[in-house]
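Counted the way the numbering used here counts, the sequence shown spans residues 1241 to 2027. Have a look at the structure below before the remarks.
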Amino acid sequence: MRTRKKKWWIAAILCAVAGAFWWSSFPAKLFGAPVSYVLYDKDNNLLGATIADDGQWRFPLRTSVPEKFKKCVVQFEDKRFFYHFGIDPIAVARALKFNLNKSRSRQGASTLPMQVMRLSHANKERSFFQKIVEAMQAVRLECSYSKKAILALYASNAPFGGNVVGLDAAAWRYFGRSPELLSWSEMATLAVLPNAPSLIHPGKNRELLLKKRNRLLRMLADEKIIDEETFHLSILEPLPQRPFPLPDYAPHLLQRYKLEQKTHEPAIGATTLDIQLQKKVADIVTRHHLRLKANAINNLCALVLDVSTGNALAYVGNISSTNPDDNAYVDIITAPRSPGSTLKPLLYAAALSDGQILPHTLLPDIPTQISGYTPQNFDRSFDGAVPASEALSRSLNIPYVKILQQYKYERFYDLLKQLGTTTMNKPAGHYGLSMILGGSEVTLWDLCGMYAALARSLNSAKRSTGDVYADNFFQPGYLKGKRGNNHSKDLLSLLNLNAIWYTFKAMQEVMRPGDEGLWQQFGSAEKIAWKTGTSFGFRDAWSIGVSSRYVVGVWAGNADGEGRPELLGIKAAAPVMFDIFRELPESPPFAMPTAKVVYEPVCRESGFRAGFDCDNPDTVMLPQRAVNSPLCPYHQTIHLTTQGDARVSDNCYPVSLMKKKSWFVLPPTMEYYYKPLHPGYQSLPPYLPGCNGSNGKGVMELIYPSENSKIYIPLELDGQKGRMICQASHKNSGARIFWHLDDSYLGETTAFHRMAIDASPGFHVLRIVDEEGESVSRRFEVLAPRK
1241 MRTRKKKWWI
1251 AAILCAVAGA
1261 FWWSSFPAKL
1271 FGAPVSYVLY
1281 DKDNNLLGAT
1291 IADDGQWRFP
1301 LRTSVPEKFK
1311 KCVVQFEDKR
1321 FFYHFGIDPI
1331 AVARALKFNL
1341 NKSRSRQGAS
1351 TLPMQVMRLS
1361 HANKERSFFQ
1371 KIVEAMQAVR
1381 LECSYSKKAI
1391 LALYASNAPF
1401 GGNVVGLDAA
1411 AWRYFGRSPE
1421 LLSWSEMATL
1431 AVLPNAPSLI
1441 HPGKNRELLL
1451 KKRNRLLRML
1461 ADEKIIDEET
1471 FHLSILEPLP
1481 QRPFPLPDYA
1491 PHLLQRYKLE
1501 QKTHEPAIGA
1511 TTLDIQLQKK
1521 VADIVTRHHL
1531 RLKANAINNL
1541 CALVLDVSTG
1551 NALAYVGNIS
1561 STNPDDNAYV
1571 DIITAPRSPG
1581 STLKPLLYAA
1591 ALSDGQILPH
1601 TLLPDIPTQI
1611 SGYTPQNFDR
1621 SFDGAVPASE
1631 ALSRSLNIPY
1641 VKILQQYKYE
1651 RFYDLLKQLG
1661 TTTMNKPAGH
1671 YGLSMILGGS
1681 EVTLWDLCGM
1691 YAALARSLNS
1701 AKRSTGDVYA
1711 DNFFQPGYLK
1721 GKRGNNHSKD
1731 LLSLLNLNAI
1741 WYTFKAMQEV
1751 MRPGDEGLWQ
1761 QFGSAEKIAW
1771 KTGTSFGFRD
1781 AWSIGVSSRY
1791 VVGVWAGNAD
1801 GEGRPELLGI
1811 KAAAPVMFDI
1821 FRELPESPPF
1831 AMPTAKVVYE
1841 PVCRESGFRA
1851 GFDCDNPDTV
1861 MLPQRAVNSP
1871 LCPYHQTIHL
1881 TTQGDARVSD
1891 NCYPVSLMKK
1901 KSWFVLPPTM
1911 EYYYKPLHPG
1921 YQSLPPYLPG
1931 CNGSNGKGVM
1941 ELIYPSENSK
1951 IYIPLELDGQ
1961 KGRMICQASH
1971 KNSGARIFWH
1981 LDDSYLGETT
1991 AFHRMAIDAS
2001 PGFHVLRIVD
2011 EEGESVSRRF
2021 EVLAPRK
């Protein structure tokens, strides 16, 4: 008795050990083969996929299978799939009986779970022992996975001929559609293929594939899964002829997604893109590229963001081209490039929020040199003085360099970082004042994200107290359900919603290019706030457009940095942007914020806060800090004769007969350039003979050179030593100016005050004197010729 009991214990222990071994020997991960990276749009339409690292088209694991495939594959491969536990005893008995009676052909009894385990042992030889292992592991599979999951494993890893693995890849390669959209005939074709995947190839007994498909369709009809009419229509459908290329609507975003993933686990990306809009934007880019390529402009990209979410709706990272010289593989949307003038609206908004300027403050637009840096307007001309809003819409450089000089480039650098710039990785001093003219680097992704954040903040104005909330400033995104990180928590005091509104209003006043030039005549035309930019050397052309719902960004140029003549934002990029906006629904206008504002009298002529000398000012709603902006410096009260034709003072004219008047007057240099462009501008009347008013103070200025400037005088084309051209201005158009260099008399000028000077290397003092004895001096240095 004791011996028998001992044997039972030994048998129990052996069974337990065997059971534990059976349970633990099951692989932790059934399938470890590399998979394709796959992107879908917001409605689960396939945007594109990469081939797996082992050269197979293998989509990531499905979580479920379409109902048609489930019915087809169960009917064809494993009719009792939903009733057995991994091994089908009836099928095993039938196979044994058949194989014992037949000498040549063999019949298997593999169930779908057994086939899953065989697929997981990809390179193992098929043998009787291996069959036993697969059967045992199939039972183990049934213990850990649901029937639905087992079907998904089979559908995702079954071979479908050639380098096509899995149902998804097969549906797209053979029928050009997702599995959910296949007909009964198409699904039946795929269901029989794993049983003999080589039959899919043309010329390899495709008649047998047709017979297998039709036999399965007959089985479905017999089981009342499909009706007779569906059966007869299905067998008339042809077999697939040649593999379809997979969709490739967002190749650059697909490559970006692949690079940004650290493992193969998140290989399927559900994006926020709209496939229909993506196609339209890609077509627009292709069409405009044909135009630009005539000027050897090889690259073009476009991005569309949804303002409210910051999500990408269209992402065309570059042109479509197989020519390696076109560098079409480069994703320009994420490439750091010189932004040209596209940062000026951000500085305008910052300066308005700070109270440094008002929306239409007159800014100097005259020859300028700042610590050796000499900014120039694009057309090399000067306006003398220009409203800040107009300087923005016309993209004038000098006024914005002066704004940045006052705002401080270090402060603006910090603001750009907080708004979302991620590519300015050098200290602020590296960029300096040139930052506002494109002397830094940004990506189209970051730039569009910053403008989307401004628009998003403005859209929240109705339910806010006038604060700009940091939660509105986050990185754009392209994956569903995944929002970008916030850039800062310190934005509440940096920007004012009213200032953002004025910024977009100024951006709406830009004249549209080409046939859009008369857009303001049409009441239905959507007002888009937009800005162009052109980098130094004509290397980058930009256009950024903002509405209350969308941001559209476009870049044109060459990925290798080659500049091209006429590569301008207004010509190369803006037409693309407006064509894209035509494909978008119209957006409502931005509402003007009314919180955290003040009402201030503003001088009509100068745009400054009205001082005591400004008559008839306008009361304007302004950002809260506008109370700190300076009073108008360009108005002064003067006294005239009774006839109003000359200025007088109390030492030369009866006070009772004087006529007092407010007069708008600019400094001499600003007036010199401003007056020819503004016929209505009136210079100060001269003093009545015998009156000694201002003693000549402020009537004359030296425009060039500036104080302590360093000047290099190049040789002329004929090799002769060049001369520097000095320039001065005088309020009296007929005044004579006498020029002296280092106390040596040079000559005199009348009306147009320019003097060519032959100055040797070293330090010099230039002095000008008018007929009244008023004088102005400048110290400058001429640099030695380069060797």
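Every residue, glycine too, gets a C-beta built ideally from N, C-alpha and C.
> Once you ignore the five residues that flank T1549 on each side, which residues in its own chain have a CB closer than 8 Å to its CB?
Replying inline: Walking along the sequence shown from the start, residue 1549 turns up at place 309. T1512, G1717, R1723, listed in sequence order.
Answer yes or no: the CB of P1833 versus the heavy atoms of the ligand PLP, is any distance below 8 Å? In terms of ligand content, the structure shown is empty, and the ligand PLP therefore cannot be addressed.
Exposed unless 16 or more other CB atoms sit within 10 angstroms - verdict on H1600:
As a first step, residue 1600 must be located in the sequence shown, where it is residue number 360. With 16 or more other Cβ atoms within 10 Å, it is buried.
task = Write down the C-beta distance between M1910 and I1606 rounded to the nearest angstrom, noting that I regard them as a contact closer than 8 Å.
result = In the sequence shown, the residue the question calls residue 1910 occupies position 670. In the sequence shown, the residue the question calls residue 1606 occupies position 366. Contact flag correct, Cβ pair sits at about 6 Å.
Margin query: With a threshold of 6 Å on Cβ separation, who are the neighbours of E1756 within its own chain once the five nearest residues in sequence on each side are excluded?
Written below: As a position in the sequence shown, residue 1756 is number 516, starting the count at 1. Since pLDDT at E1756 reaches only 45, below the 50 mark, its modelled position is unreliable, and no value is offered.
| Unbroken alpha helix (DSSP H) runs of length 4 or more, entirely within the region 1651 to 1737: which are they? | 1668 to 1671, 1684 to 1699
Q) Straight-line CA distance for R1344 to I1440? A) Within the sequence shown, numbered from 1, the residue matching residue 1344 stands at position 104. Within the sequence shown, numbered from 1, the residue matching residue 1440 stands at position 200. Bear in mind that the predicted position of R1344 carries a pLDDT of just 49, short of 50, making it unreliable; the figure below should be weighed with that in mind. So the two alpha carbons sit approximately 25 Å from each other.
**Prompt:** Along the chain, which unbroken stretches of the alpha helix (DSSP H) at least 4 residues long are found entirely within the region 1891 to 1969?
**Reply:** 1908 to 1914
| Which two residues bound the contiguous beta strand (DSSP E) that contains A1510? | In the sequence shown, the residue the question calls residue 1510 occupies position 270. Note, A1510: beta strand (DSSP E), 1508 to 1510.
For my contact list, P1857 and P1841 are in at a C-beta cut-off of 8 Å; report their separation, rounded to the angstrom. In the sequence shown, counting from the first residue as 1, residue 1857 sits at position 617. In the sequence shown, counting from the first residue as 1, residue 1841 sits at position 601. Their Cβ separation, rounded to whole angstroms, is 4 Å, which keeps P1857 and P1841 in contact under 8 Å.
| said: The beta strand (DSSP E) that contains I2008, what's its start and end? | reply: By 1-based counting over the sequence shown, the position of residue 2008 is 768. I2008 -> beta strand (DSSP E) spans 2002 to 2010.
Give me the Cβ distance between S1902 and D1853, rounded to the nearest whole Å; I'm assuming they're in contact under 8 Å. Numbered from its first residue, the sequence shown carries residue 1902 at position 662. Numbered from its first residue, the sequence shown carries residue 1853 at position 613. That pair is a contact at about 5 Å.
What's the call for P1916, buried or exposed, on a 16-neighbour Cβ count within 10 Å? Taking the first residue of the sequence shown as position 1, residue 1916 is located at position 676. Flag for P1916 reads exposed.
| task | Kindly indicate which residue of Q1876, P1353, F1309, A1510 has the alpha-carbon position closest to the one of L1287. | result | Your numbering for residue 1287 matches position 47 in the sequence shown. For the residues Q1876, P1353, F1309, A1510, the minimum Cα distance to L1287 belongs to A1510.
**Item:** Best match in T1989, I1537, D1571, L1587 for proximity to K1498 [C-alpha to C-alpha]
**Value:** One-based indexing of the sequence shown puts residue 1498 at position 258. The residue with the shortest Cα to Cα distance from K1498 is D1571.
Next on the checklist: What does DSSP give as the partner residue(s) for D1858 in the beta ladder?
Outcome noted: Here the question's residue 1858 lines up with position 618 in the sequence shown. V1842.
Is the beta carbon of F1415 sitting closer than 9 Å to the one on A1409? For the purposes of this step, residue 1415 is identified with residue 175 of the sequence shown, where counting begins at 1. For the purposes of this step, residue 1409 is identified with residue 169 of the sequence shown, where counting begins at 1. No.
Next on the checklist: Measuring straight from C-alpha to C-alpha, what distance separates D1594 and G1777?
Outcome noted: As a first step, residue 1594 is located in the sequence shown; it is residue number 354 there, counting from the start. As a first step, residue 1777 is located in the sequence shown; it is residue number 537 there, counting from the start. In a straight line, the C-alpha of D1594 is about 33 Å away from that of G1777.
On the DSSP bridge list, what partners appear for V1525? The count along the sequence shown starts at 1 and reaches residue 1525 at position 285. Bridge partners of V1525: none, in fact.
Query raised in the report: Taking one C-beta from the region 1292 to 1308 and one from the region 1412 to 1432 each time, how about it: are there three or more such pairs within less than 8 Å?
Result: yes
- [ ] Output the distance between the C-alpha atoms of Y1653 and I1965, rounded to the nearest integer angstrom.
- [x] By 1-based counting over the sequence shown, the position of residue 1653 is 413. By 1-based counting over the sequence shown, the position of residue 1965 is 725. The alpha-carbon atoms of Y1653 and I1965 are separated by roughly 36 Å.
Worksheet item: DSSP on A1431, reduced to helix/strand/coil?
Response: Here the question's residue 1431 lines up with position 191 in the sequence shown. Helix at A1431.
Review point. Do the region 1916 to 1925 and the region 1576 to 1587 touch if we need at least three Cβ pairs shorter than 8 Å?
Key: no
_CA-to-CA distance, L1655 to M1690, given in whole angstroms_ = Reading the sequence shown from its first residue, position 450 is the one you call residue 1690. Reading the sequence shown from its first residue, position 415 is the one you call residue 1655. M1690 and L1655: Cα-Cα distance of roughly 11 Å.
According to DSSP, simplified to helix, strand and coil, what is T1774?
For the purposes of this step, residue 1774 is taken as residue 534 along the sequence shown, with counting starting at 1. T1774: strand per DSSP, three-state reduction.
V1356 - DSSP class collapsed to helix/strand/coil | Numbered from its first residue, the sequence shown carries residue 1356 at position 116. Three-state result, V1356: helix.
Next item on the list: Just the C-alpha distance for K1666 and S1386, rounded to the nearest angstrom, thanks.
Entry: Taking the sequence shown and counting its residues from 1, the one referred to as residue 1666 is at position 426. Taking the sequence shown and counting its residues from 1, the one referred to as residue 1386 is at position 146. In a straight line, the C-alpha of K1666 is about 56 Å away from that of S1386.
Exercise for review: May I have the straight-line CA-CA distance separating V1682 from S1869, to the nearest angstrom?
Suggested key: The residue you call residue 1682 lines up with position 442 of the sequence shown. The residue you call residue 1869 lines up with position 629 of the sequence shown. Taking the straight line from one Cα to the other gives about 31 Å.
Review point. Excluding the five sequence neighbours on either side, which residues of its own chain have a C-beta within less than 8 Å of the C-beta of E1766, listed in chain order?
Key: Along the sequence shown, read from residue 1 onward, the residue named residue 1766 stands at position 526. Closer than 8 Å at Cβ, skipping near neighbours: S1787, F1821, E1826, S1827.
Original post:
Applying the criterion that 16 or more other CB atoms from any shown protein chain within 10 Å of the CB defines a buried residue, is I1372 buried or exposed?
Top reply: Here residue 1372 refers to the residue found at position 132 of the sequence shown. Exposed, because fewer than 16 other Cβ atoms sit within 10 Å of the Cβ of I1372.
Contact defined as beta carbons within less than 8 Å: I believe C1931 pairs with V1888. What is the distance between those atoms, to the nearest angstrom? Here residue 1931 refers to the residue found at position 691 of the sequence shown. Here residue 1888 refers to the residue found at position 648 of the sequence shown. The pair is a contact, with the Cβ atoms about 5 Å apart (cut-off 8 Å).
I think I1597 touches A1589, with their Cβ atoms under 8 Å apart; what is that distance to the nearest whole Å? Along the sequence shown, one-based indexing puts residue 1597 at 357. Along the sequence shown, one-based indexing puts residue 1589 at 349. Not quite, the Cβ-Cβ distance comes to about 11 Å (not below 8 Å), so this is no contact.
- Quickly, what does DSSP pair C1541 with across the bridge? List them, please. As a first step, residue 1541 is located in the sequence shown; it is residue number 301 there, counting from the start. Its beta-bridge partners are W1795.
Worksheet item: Three or more C-beta pairs closer than 8 Å, one from the region 1293 to 1301 and one from the region 1429 to 1436: is that the case here?
Response: no
How many Å lie between M1459 and P1329 at the Cα? Translated into the one-based positions of the sequence shown, residue 1459 becomes position 219. Translated into the one-based positions of the sequence shown, residue 1329 becomes position 89. Each residue's Cα considered, the two are about 22 Å apart.
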